[in-house]
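Novice: In this note's numbering, the protein residues as written are 369 to 688.
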Amino acid sequence: MRQVETIIVGGGPAGSSCARELVRCGRPCLVLEKQPPPRPKLCAGWITPKVLADLEIQPEEYPYGLVQLDRLRLVVGRSRRWRFRISAHQYSIRRAEFDGWLLERSGAEVVQHTVREIRYAGGRYIVDGQFSCTYLVGAGGTSCPVRRNLFPPHPGKLILTREAELPGEPLGNECILWFPFAGQSGYAWYVPKRGGVHIGFGGLADQIPTEGLASLWEEFTRLLDGEDSVGDMSPPTPKGHPYFLNPLNTPIKQNGAYLVGDAAGLATWDLAEGIGPAIQSGILAARDILGLDIYQRERVGRYSLGLLGRFFRWVWARLP
Ligand SMILES: Cc1cc2nc3c(=O)[nH]c(=O)nc-3n(C[C@H](O)[C@H](O)[C@H](O)COP(=O)(O)OP(=O)(O)OC[C@H]3O[C@@H](n4cnc5c(N)ncnc54)[C@H](O)[C@@H]3O)c2cc1C
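1. Taking Gly497 as the reference, give the member of Gly490, Glu485, Tyr503 and Gly506 with the closest Cα.
2. Kindly examine ligand 1 and report whether one of its heavy atoms sits closer than 7 Å to the Cβ of Ile494.
3. When we look at the beta-carbon of Glu477 and count the other beta-carbons within 10 Å, is it buried (16 or more) or exposed?
4. Taking DSSP as the reference, what is the three-state secondary structure of Lys409?
5. Quick one: residues in its chain with C-beta nearer than 6 Å to the C-beta of Gly468, no 5 flanking neighbours on either side, listed in chain order?
6. Hey, could you find the ends of the beta strand (DSSP E) Pro691 is sitting in?
7. Might you give, ordered along the chain, the residues of its own chain that have their beta carbon closer than 6 Å to the beta carbon of Gly506, omitting 5 neighbours on each side?
8. With 16 as the cutoff for other CB atoms within 10 Å, does Trp682 come out buried or exposed?
9. Roughly how many angstroms lie between the CA atoms of Lys607 and Ala532, to the nearest whole one?
10. Return the chain-ordered list of same chain residues with a C-beta closer than 6 Å to the C-beta of Leu581, the five sequence neighbours on each side being excluded.
11. How far does the beta strand (DSSP E) with Val399 in it reach, from first residue to last?
12. Might you give, ordered along the chain, the residues of its own chain that have their beta carbon closer than 8 Å to the beta carbon of Thr510, omitting 5 neighbours on each side?
13. To which residues does DSSP link Thr374 through a beta bridge?
14. Is the segment 541–552 touching the segment 567–575 in the sense that three or more CB pairs, one from each, lie closer than 8 Å?
15. Using 10 angstroms around the beta-carbon of Arg388, count the other beta-carbons present and answer buried if the total reaches 16, otherwise exposed.
16. Can you tell me whether DSSP reads Val483 as helix, strand or coil?
17. So does Val366 have its beta carbon nearer than 7 Å to some heavy atom of ligand 1?
18. Got a sec? Which residues, its chain only, sit under 6 Å from Arg441 by beta carbon, not counting five neighbours each side?
19. Please look up how many angstroms separate the CB atoms of Leu437 and Ala464, rounded, as I've assumed it's under 8 Å.
20. Give me the Cβ distance between Thr636 and Tyr663, rounded to the nearest whole Å; I'm assuming they're in contact under 8 Å.
21. Quick one: grab the DSSP three-state call for Ala476.
22. By DSSP, does Cys543 sit in helix, in strand, or in coil?
23. Where Pro520 and Pro619 are concerned, what is the direct C-alpha to C-alpha distance, given to the nearest angstrom?
24. Which class does Ala489 belong to by DSSP, given the choice of helix, strand or coil?
25. For Gly650, which residues from the same chain have a beta carbon less than 6 Å from its beta carbon, with the 5 sequence-adjacent residues on both sides left out?
26. Using 7 Å as the cut-off, classify the Cβ of Thr578 as near or not near the heavy atoms of ligand 1, replying yes or no.
27. Mapping DSSP to helix, strand and coil, what is Val559?
28. Let's test the definition: count the other Cβ atoms within 10 Å of the Cβ of Trp414 and tell me whether it reaches 16, buried, or not, exposed.
29. Which residue from Ala556, Ala489 and Ile461 puts its Cα closest to that of Gly564?
30. Identify whether Trp450 lies in helix, strand or coil by the three-state DSSP scheme.
31. Do you know offhand how far His740's Cα is from Val495's?
32. If we ignore side chains and look at the alpha-carbon of each, how far apart do Val391 and Glu587 end up?
33. If you reduce the DSSP assignment to three classes, tell me which class Ile620 lands in.
Written out as structure tokens, the structure is:
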């Protein structure tokens, strides 16, 4: 059996950030990742400046496609829709590139392995009878096996999404957001990327209107048609990926086991963005293992847009 101090299950942004922090402090770790590279990931790929700051890079140092989104068009309202344009300072990336780069940059050893069964015996975790460790980090996203095997079932709110990525150069670098859409706290997006655009919507499962996701997608494509600068689009059949938002203080750490990123339901409460919280929680869990910090839910940011995010959430829940 292979023995190592820390095993990280999942090589997404949460797992690779945790791995990087451990490796650069000289502590051994192994990442178990089920998919070979490149790993496509359903995601709009919108990241905030804080994500780049947490990764300690300047935008120009990022080696792959990055678009600076310097204007946001907000289309706000249900029956009547008001349009606002605000200047912004946000970015978009392509996830397969971003995730691959993060994992490689971590310097950690990665073994392709799908984790299924985990046992705790004699103060060590045994993973699939093949690997053994003192610290185990669950960074496996929505259906993380560390959560399934060791933590209570996810009590969070389920987010449902539909999205598609269209190749081709976007007409500009203005991002469009429709609030609300797919329920009172859901929204839809059009995010320009390098070499394409990402379109989609997401909302809390218990708020998705009864007509369902397919008819919402049709409504969304009509909204896209109504916007200038979007250009002619023939959106392909959309895909979806559910994930959790955990507004409750359920355990995310016990006996040397940690849940980080989507495995812990750490996406933000205003925009349900999870890349930033995944990176923050991965770094913080590593620092807890290193004895340099304490990993707690409250230490990971809950809003993408800070006070503005809380204000937007309050406003769009009350729109006619
Ligand atoms: C449609 C959509 C759009 C989104 N848009 C944005 C956005 O614009 N901005 C934003 O910040 N967030 C966005 N999110 C959320 C964001 O994608 C996630 O919060 C983020 O990917 C979480 O990172 P993670 O590392 O926790 O998990 P993941 O990125 O899901 O990584 C988990 C990794 O674990 C691996 N894994 C899973 N199970 C196992 C196993 N059994 N054994 C080994 N490995 C395993 C997977 O292969 C994967 O590589 C979006 C989500 C969706 C669905």
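All residues carry an ideal CB built from backbone N, CA and C; glycine is no exception.
No experiment lies behind these values; they were computed from the predicted model shown.
Specialist: Answer, in terms of the structure:
1. Indexing the sequence shown from 1 puts residue 497 at position 129. Nearest of Gly490, Glu485, Tyr503 and Gly506 to Gly497, Cα basis: Glu485.
2. Locating residue 494 in the sequence shown gives position 126, where the first residue counts as 1. False, no ligand heavy atom lies under 7 Å from that Cβ.
3. For this step, residue 477 is matched to residue 109 along the sequence shown. Per the 10 Å Cβ criterion, exposed.
4. Here residue 409 refers to the residue found at position 41 of the sequence shown. The answer is coil: DSSP assigns Lys409 none of H, G, I, E or B.
5. If you number the sequence shown from 1, residue 468 lands on position 100. Correct list, in chain order: Pro405 and Pro406.
6. With the chain running from 369 to 688 in the structure shown, residue 691 is simply not present.
7. For the purposes of this step, residue 506 is taken as residue 138 along the sequence shown, with counting starting at 1. For Gly506, where only same-chain residues beyond five positions count, the Cβ hits under 6 Å are Val377, Cys512, Val514, Arg515, Leu627 and Ala631.
8. If you number the sequence shown from 1, residue 682 lands on position 314. Exposed, by the Cβ-count rule.
9. As a working note, residue 607 is residue 239 in the sequence shown. As a working note, residue 532 is residue 164 in the sequence shown. About 6 Å.
10. On the sequence shown, position 213 is the one that residue 581 refers to. The answer, listed in chain order, is Arg530.
11. Translated into positions along the sequence shown, residue 399 becomes position 31. It spans Cys397 to Glu401 - the beta strand (DSSP E) in which Val399 sits, taken as one unbroken run.
12. In the sequence shown, residue 510 corresponds to position 142, counting from 1. Within the same chain, and ignoring the five residues on either side of Thr510 in sequence, the residues whose Cβ sits closer than 8 Å to its Cβ are His609, Pro610, Tyr611, Phe612, Asp630 and Ala631.
13. Numbered from its first residue, the sequence shown carries residue 374 at position 6. For Thr374, which the question treats as bridged, DSSP gives the partners Cys397 and Tyr503.
14. The segment 567–575, when compared against the segment 541–552, does touch it at the 8 Å Cβ threshold.
15. Taking the sequence shown and counting its residues from 1, one reaches residue 388 at position 20. Burial call: buried.
16. Counted from its first residue, the sequence shown places residue 483 at position 115. DSSP places Val483 in coil when its eight states are reduced to three.
17. Residue 366 lies beyond the stretch modelled for the chain, which goes from 369 to 688, so this question has no answer here.
18. Here residue 441 refers to the residue found at position 73 when the sequence shown is read from its first residue. Excluding sequence neighbours, Arg441 sits near Arg453, Glu542 and Ile544.
19. Numbered from 1 along the sequence shown, position 69 holds the residue referred to as residue 437. Numbered from 1 along the sequence shown, position 96 holds the residue referred to as residue 464. Contact doesn't hold; Cβ gap of about 19 Å is too wide.
20. Against the sequence shown, residue 636 aligns to sequence position 268. Against the sequence shown, residue 663 aligns to sequence position 295. Not quite, the Cβ-Cβ distance comes to about 18 Å (not below 8 Å), so this is no contact.
21. Residue numbering aside, residue 476 sits at position 108 when the sequence shown is read from its first letter. If DSSP states are grouped into helix, strand and coil, Ala476 belongs with coil.
22. Residue numbering aside, residue 543 sits at position 175 when the sequence shown is read from its first letter. Three-state result, Cys543: strand.
23. One-based indexing of the sequence shown puts residue 520 at position 152. One-based indexing of the sequence shown puts residue 619 at position 251. Here the C-alpha atom of Pro520 lies approximately 8 Å from the C-alpha atom of Pro619.
24. As a first step, residue 489 must be located in the sequence shown, where it is residue number 121. Note: Ala489 maps to strand in three-state DSSP.
25. Taking the first residue of the sequence shown as position 1, residue 650 is located at position 282. So the list reads Ala382, Ser385, Cys386 and Val628, once near-sequence residues are dropped.
26. Counting from one through the sequence shown, the residue named residue 578 turns up at place 210. No, Cβ of Thr578 sits at least 7 Å from all heavy atoms of ligand 1.
27. Residue numbering aside, residue 559 sits at position 191 when the sequence shown is read from its first letter. Reduced to three states, the DSSP call for Val559 is strand.
28. Position 46 of the sequence shown, counting from 1, holds the residue named residue 414. With 16 or more Cβ atoms within 10 Å of its Cβ, Trp414 is classed as buried.
29. Indexing the sequence shown from 1 puts residue 564 at position 196. For the residues Ala556, Ala489 and Ile461, the minimum Cα distance to Gly564 belongs to Ile461.
30. Position 82 of the sequence shown holds residue 450. DSSP places Trp450 in strand when its eight states are reduced to three.
31. Past the edges of the chain, shown from 369 to 688, lies residue 740, and the structure says nothing about it.
32. As a position in the sequence shown, residue 391 is number 23, starting the count at 1. As a position in the sequence shown, residue 587 is number 219, starting the count at 1. Taking the straight line from one Cα to the other gives about 48 Å.
33. In the sequence shown, counting from the first residue as 1, residue 620 sits at position 252. DSSP places Ile620 in coil when its eight states are reduced to three.
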